[in-house]
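If you count the sequence shown from 1, you need to add 9 to reach our numbering.
Working notes for the structure below.
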Amino acid sequence: MKTTEIPITGMTCSACSNRVERGLSKLEGVSKASVNFANEKAHVEFDDSKIKPADLNATIEKLGYGVAYETANLDIQGMTCAACSARIERGLGKVDGVSEATVNLALETAKIHYNPSQISAAELVKKVESLGYGASVPNEEEPVDHRAEAYRHKKRLFYLSAILSLPLLWTMVAHFSFTEWMYLPDILMNPYVQWALATPVQFYVGAMFYKGAYNALRNGSANMDVLVALGTSAAYFYSVYLTLTGAGHHQGLYFETSAVLITLIILGKVFEARAKGQSSEAIKKLMQLQPTTATVERDGQSQEISIHDVVQGDVIIIRPGDQIPVDGKVISGTSTVNESMLTGESLPVEKTEGAIVYAATINDHGSLRMEATGIGKQTMLSSIIRVVEQAQGSKAPIQRLADKISGIFVPIVVGIAIVTFIVWYFFLTNGNLETSLMSTIAVLVIACPCALGLATPTSIMAGSGRAAELGILFKTAEAMEQTKHIDTVILDKTGTITKGLPELVHIEVADGFDKDGIQQLAASAEQGSEHPIARAITSSYLGELFPAEGFKAIPGKGIKAEVNGKSIVIGTRALLAENNCDGSPSPHVDVWESEGKSVLYMAVDGTYAATFAVADTVKDSSKAAIEKLHALGMQVVMLTGDQPETAKAIARQVGITEVVAGVLPTQKADVVREWQNKGHKVAMVGDGINDAPALAQADIGMAMGTGSSVAMETADVTLMQGDLLTLPATLEMSRLTVRNIKQNLFWAFAYNSLGIPIAAAGFLAPWLAGAAMAFSSVSVVLNALRLQRVKPKTISS
Numbered sequence: 010m011k012t013t014e015i016p017i018t019g020m021t022c023s024a025c026s027n028r029v030e031r032g033l034s035k036l037e038g039v040s041k042a043s044v045n046f047a048n049e050k051a052h053v054e055f056d057d058s059k060i061k062p063a064d065l066n067a068t069i070e071k072l073g074y075g076v077a078y079e080t081a082n083l084d085i086q087g088m089t090c091a092a093c094s095a096r097i098e099r100g101l102g103k104v105d106g107v108s109e110a111t112v113n114l115a116l117e118t119a120k121i122h123y124n125p126s127q128i129s130a131a132e133l134v135k136k137v138e139s140l141g142y143g144a145s146v147p148n149e150e151e152p153v154d155h156r157a158e159a160y161r162h163k164k165r166l167f168y169l170s171a172i173l174s175l176p177l178l179w180t181m182v183a184h185f186s187f188t189e190w191m192y193l194p195d196i197l198m199n200p201y202v203q204w205a206l207a208t209p210v211q212f213y214v215g216a217m218f219y220k221g222a223y224n225a226l227r228n229g230s231a232n233m234d235v236l237v238a239l240g241t242s243a244a245y246f247y248s249v250y251l252t253l254t255g256a257g258h259h260q261g262l263y264f265e266t267s268a269v270l271i272t273l274i275i276l277g278k279v280f281e282a283r284a285k286g287q288s289s290e291a292i293k294k295l296m297q298l299q300p301t302t303a304t305v306e307r308d309g310q311s312q313e314i315s316i317h318d319v320v321q322g323d324v325i326i327i328r329p330g331d332q333i334p335v336d337g338k339v340i341s342g343t344s345t346v347n348e349s350m351l352t353g354e355s356l357p358v359e360k361t362e363g364a365i366v367y368a369a370t371i372n373d374h375g376s377l378r379m380e381a382t383g384i385g386k387q388t389m390l391s392s393i394i395r396v397v398e399q400a401q402g403s404k405a406p407i408q409r410l411a412d413k414i415s416g417i418f419v420p421i422v423v424g425i426a427i428v429t430f431i432v433w434y435f436f437l438t439n440g441n442l443e444t445s446l447m448s449t450i451a452v453l454v455i456a457c458p459c460a461l462g463l464a465t466p467t468s469i470m471a472g473s474g475r476a477a478e479l480g481i482l483f484k485t486a487e488a489m490e491q492t493k494h495i496d497t498v499i500l501d502k503t504g505t506i507t508k509g510l511p512e513l514v515h516i517e518v519a520d521g522f523d524k525d526g527i528q529q530l531a532a533s534a535e536q537g538s539e540h541p542i543a544r545a546i547t548s549s550y551l552g553e554l555f556p557a558e559g560f561k562a563i564p565g566k567g568i569k570a571e572v573n574g575k576s577i578v579i580g581t582r583a584l585l586a587e588n589n590c591d592g593s594p595s596p597h598v599d600v601w602e603s604e605g606k607s608v609l610y611m612a613v614d615g616t617y618a619a620t621f622a623v624a625d626t627v628k629d630s631s632k633a634a635i636e637k638l639h640a641l642g643m644q645v646v647m648l649t650g651d652q653p654e655t656a657k658a659i660a661r662q663v664g665i666t667e668v669v670a671g672v673l674p675t676q677k678a679d680v681v682r683e684w685q686n687k688g689h690k691v692a693m694v695g696d697g698i699n700d701a702p703a704l705a706q707a708d709i710g711m712a713m714g715t716g717s718s719v720a721m722e723t724a725d726v727t728l729m730q731g732d733l734l735t736l737p738a739t740l741e742m743s744r745l746t747v748r749n750i751k752q753n754l755f756w757a758f759a760y761n762s763l764g765i766p767i768a769a770a771g772f773l774a775p776w777l778a779g780a781a782m783a784f785s786s787v788s789v790v791l792n793a794l795r796l797q798r799v800k801p802k803t804i805s806s
C-alpha cells in the first residue's frame, strides 16, 4: 500500500473537496482518500498493483479540477535494455514529490510528473545519475542530439573492436576441419599475442558493460550489462589463467570468444541505434518543416528576418511558392495553400481575406498578406510536434507485462547459467571446465532482454509517427492501444457528419419573378443579419448587393427591409401572413421539411416571390466513412440536439440507423455513459465546446481538427483534416500498431524461451549466441519500422 499527496487547483468551496474525495474513494485500489480544502491537497492511500498515480490525477481532472504537478522531460544516456529503464522508473518513483515517471528505452527519454514544492528538475537529474546513468534537461534553444552522438561513439568502438577481433576470429575459423587449407600465421597462435589483442576489447571497448553492471548491482538490480560482463569475463579470465600457467600452448584459448562477443554486441547496438533513429523520423520531418525566415512589413518596408524575431501582429508577405512561416490570418490576397504536411489532405485549400493559415504549409500560386497570430510554440505545427512527442514518450498498457518480466529476467538468467554450469561440470562432463564454461557463457549472452524492452516503444514511435503523417494525432500510447478495442462510435451531427454551416440548397421562384433578381434582393436584405440562415442566403449570391434600408429582425420569424425601392419580407409563413402577403408557396415544402431543411418564404412588395430551403449539408465524405466503419464491425450512433425528424433525415442520407436526438449539451456525456453501461467500448467524435464532457467520458474521445480547441484538448485523438474518412483509418492504424507490438513481444519472448534451453544444452557456441542476440534486437526494430510505410486500406480506395 502506498500513500501520496496530490496538490489540487480549482476548488472553490468545501463541496468541491467533498466531491473530489468521493470520486477518489470510489476507485478500485484506493483504500482511503481525504481532501483538505484549506491547503488544497488530497491525501490518498492506494494499492499500486491495482491503480497508478496517473489514474488518480486523471480522475481529479475528469471531475473538473486541476493537479498542480509539473512535468520534467529528461534525456537519458547509458541505458542498454528494458531492465535499465525499469530501474530508473522504480528509482524515480520512490522519490518524494514524484507522482509518475515513465522512461522510454527507444527514445532514451524520461517523462516525470513531480511536485515542484518538494523536488526540482535538477534533483531529478541527480537521482538518475545516482542510479548510474547520464541525464540532462533538453535545451530547447540549442538542442543536443545525444542519440546521434551515442551512435557515432558506438560506431567508433565497433571499428576498433572489429580490427582487434578479426585476427582472433581468424584463429578460431582456421581450426575447423573444413578450413584446414587456410594460412594461419604462427604469431597469431601465441597466447600472449592473443591476450594483447583481446585486452583492449575487453576493458576499453567493453568498459560500458562493466560500468553498467557495477551501477546496476550497486543499486540492487541486474541488467543486460551484468550478463555480458559475466559471460565475456569468464571466457577472458579463463584464457588468462591458461596463458599464465602455460596450458595455453597445449589447449584451446577463448580470447576470441570474449572479443568476438563484445564486437557482435556492439555491432548490434550500432544497428539498433540507427534503426531507433529511423523510428523517430516523423518528429524530425515535422521539425524540419518550419522555414527559418519570414518577410515582414516594418516601417513601410519589407524586410527578411529570422523566424524567431517575428512577433504577434506582424504583417507578413507570402509570395507564390513560399512556406508560411507562422500561423496567421489573411489580410489581403487570394491563393490556394497546400496543407498536406499538417492534415494529410493532398488537395490545396483556397484562402481569401479572413482565412486562417498555418506555419509550414506551402502557398501555391497567389500572393498573400497575413497577420501573425500564432508564433513559436503557439503554432499548429508546434502543437502537433508536442502531441506526437507525447504519444511516443508515453507507455502503452501492453508494455507493463514486458516491464515486469524484464525487471526479474536477468536474475533468473544468472540462476539458470549457474545451474547450467553445475549440471555440465558435475554430471555431464565429469569436470570438463571448458565445455561447462562455454555452455554457461552462451546462456548468459543469448538471454539479454534487449528485444523485450524495444518491442513496444519502437512500434508506438513508428505507428504514431505514421498516423501523424496521415493527419491522425494520438495523444498517448494508451489511446493508440485502447482505440483497437472500440466497438461503438458515437458521432455528433453538427460539424462532424455535417459541415456545421447552413447552406442554401433549394430556391423556387413564383411566376413573374426572375431567379437571379430574387437572389440579389434576398441576399441584399439579409446582409444586415448575423443569423446563420441569413448568412447562408447572403453567401449564395456572388454578385453585387444593394444597400438595405430600414432593416428589422423579428426574433423567431425573420426580417424586413427596403432594398432598391422594394419592400422585402423573408421568414416564416406566419410572418408573411402578418404582413398581408398573398400567393402560394412551393408545393415541395412538405418534402423539404420532412428532410430536416429549414424553409423560408419571401415576399416582394406584398406579393409572394420565392421559397428557400436551407440546410446544414452532409460532408461529402461522411457516407463513405460510415460505410467503412460498418465494414470494420463498428456500431455507429448519431447524437444531436436537433429534432428527431431532422436527425433521422440526416441519418438516412449517411446510412445510420441508431439516432439519439433532442439531446441537450449537458446530456451528451450521459448518452455515452449509457452505452458504456451496456458493455460497449465507446469512441465519441465531436468538434464543439459542448462535446467536451462527452469526449472526456468516452473510452476514446476523438476531436475534429477543424473544431474548437477545447474539444481537441479534451480528446484522446485529433483528426486534423476534420474529415470522417480519417476515422476508420484511425481505428485501422491502432489495430495495425497493436498487432505489430504483439508480433514483437511474441518473437522477443519466443527468442529467449527457445534460445536459453538450446544454449544450456550446449548446441550454441557463445559467439553464435552473441550474433543471435544482436540480431533479435535489430529484427524487432525493423519489424516496427514497417509501420512507417503502411497505408490503411480504409484510405486507399
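Backbone N, C-alpha and C fix where the C-beta goes; we use that ideal spot for every residue, glycine too.
As the structure is a prediction and not an experimental result, all values here were calculated from the model.
Which residue or residues does DSSP assign as beta-bridge partners of residue i?
i	result
Glu310	In the sequence on display, residue 310 carries Gln and not Glu. Answer is Arg307, bridged to Gln310.
Asp336	Gly383
Ala42	Val53
Glu119	Note that residue 119 is Ala in the sequence shown, not Glu. Paired residues: Leu83, Val112.
Could you tell me which of the options sits nearest to residue i, measuring between CA atoms?
i	options	result
Ser785	Phe246, Cys457, Asn347	Cys457
Asp308	Asp323, Leu298, Ala477, Ile316	Asp323
Leu510	Ser533, Ala519, Glu539, Thr497	Glu539
Ala159	Ser129, Ala238, Glu117	Glu117
Ser468	Glu132, Arg798, Pro209, Cys25	Arg798
Lys687	Glu654, Gln644, Asp700, Thr649	Gln644
Glu30	Glu604, Ile60, Tyr74, Lys59	Tyr74
Thr746	Lys637, Ala476, Val498, His597	Ala476
Lys50	Ser26, Ser34, Ala63	Ser26
Ala770	Asp625, Phe560, Phe436	Phe436
Val202	Tyr263, Arg227, Asn232	Tyr263
Please state whether the Cβ-Cβ distance between residue i and residue j is less than 8 Å.
i	j	result
Arg96	Ala216	no
Val137	Val146	no
Tyr760	Ala460	yes
Val305	Ser174	no
Leu609	Gly565	no
Pro775	Met447	yes
Val850	Thr80	Residue 850 lies beyond the range of the chain shown here (10 to 806); nothing can be said about it.
Ser94	Val107	no
Ala488	Glu512	no
Met693	Ile499	yes
Ala618	Lys606	no
Name the two residues that bound the continuous beta strand (DSSP E) containing residue i.
i	result
Asn347	344–347
Val694	691–695
Ala612	607–613
Val518	507–518
Thr89	No beta strand (DSSP E) contains Thr89, which DSSP labels as neither H nor E.
Thr492	Thr492 -> no beta strand (DSSP E), and no H or E assigned at all.
Gln644	644–648
Thr616	616–627
Pro16	11–18
Ala570	567–572
Ile69	Per DSSP, Ile69 belongs to no beta strand (DSSP E); it is in the alpha helix (DSSP H), 62–71.
Met713	709–713
Quick one: measure Cβ to Cβ for residue i and residue j, integer angstroms, because I've assumed they're closer than 8 Å.
i	j	result
Asp105	Thr485	With a Cβ gap of about 26 Å, Asp105 and Thr485 do not count as contacting.
Ile425	Ile121	About 35 Å; that fails the 8 Å criterion.
Met782	Ile455	6 Å
Gln211	Tyr247	That belief does not hold up - the Cβ atoms of Gln211 and Tyr247 are roughly 12 Å apart, past 8 Å.
Met742	Ile365	About 27 Å separates the two Cβ atoms, so there is no contact after all.
Leu453	Leu763	Rounded, the Cβ-Cβ distance is 16 Å, inconsistent with contact.
Ala557	Ala570	4 Å
Ala110	Ala119	6 Å
Ser595	Thr616	With a Cβ gap of about 15 Å, Ser595 and Thr616 do not count as contacting.
The alpha helix (DSSP H) that contains residue i, what's its start and end?
i	result
Thr735	735–769
Phe784	775–794
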